[in-house]
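Below: one structure, written as structure tokens.
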Amino acid sequence: MDVRNRFSDLGVLYLSKANENVLMKVFEEYNLKFYELFPAAPHVFLRKGHPLADREKINLNDLKPYPRLNFVQGSYESSNFAEELFSNEIVEKSIKISDRAAIVNFMIGLDGYTISSGIFPKYFHGNSIISVPLDEDETMRIGYILNKDRELSRLGETYVEALKQYQND
């Protein structure tokens with residue numbers, strides 16, 4: 072809750088069917104406001120040579136044999152604050168990672184996967200990681216939060232404009 076405590080000017084996150092009710096209550100309690108930027112269809116990120124890489128779409132059942140990679144930051148762990156969709160789904164193998172670069176290594180070395188918005192900068196992984204649409208009934212509403220009594224700084228405005236470029240990806 073760095074935005075609440077004013078360590079950060081804004082926070083980028085998503086709302087989904089699974090987390091919206093809880094997060095909206097938290098935002099209200101902490102005097103935060105959510106500003107939606109764009110909707111995004113969930114995607115599965117995996118290595119280019121993964122056994123599921125040639126599929127047009129992947130569903131949660133297809134992913135069961137492979138380790139799920141969850142990015143965690145900070146000490147607050149709750150599925151409502153998870154970086155990945157469907158993080159509350161029970162899986163046989165789950166690895167929690169706090170280093171984004173390590174996620175790429177686990178995708179490549181262990182045939183692991185993560186579920187996200189489909190936005191994964193190429194400079195971060197080159198051509199070794201791909202995204203495949205997730206065939207589940209869910210949408211990620213990407214946006215940012217601010218304290219209700221604050222406005223975006225010039226830097227914040229620049230950052231939000233940069234985020235908007237991913238709207239049609």
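Position 20 of the sequence shown, counted from 1, bears residue number 91 in the numbering used here, the numbering being contiguous throughout. Note that beta-carbon positions come from the ideal geometry of N, C-alpha and C, so glycine has one too.
The continuous alpha helix (DSSP H) containing Phe-98 extends over residues 91-100. Annotated three-state conformation of Leu-223 is coil, per DSSP. When Cβ pairs closer than 8 angstroms are counted between the two stretches, the region 182-189 is seen to touch the region 105-120, the count reaching three or more.
By the Cβ rule, the region 197-216 counts as touching the region 112-132, because three or more pairs are nearer than 8 angstroms. Burial check for Tyr-106: the Cβ neighbour count within 10 Å stays below 16, so the residue is exposed. Here Ile-161 is exposed, its C-beta having fewer than 16 other C-beta atoms within 10 Å.
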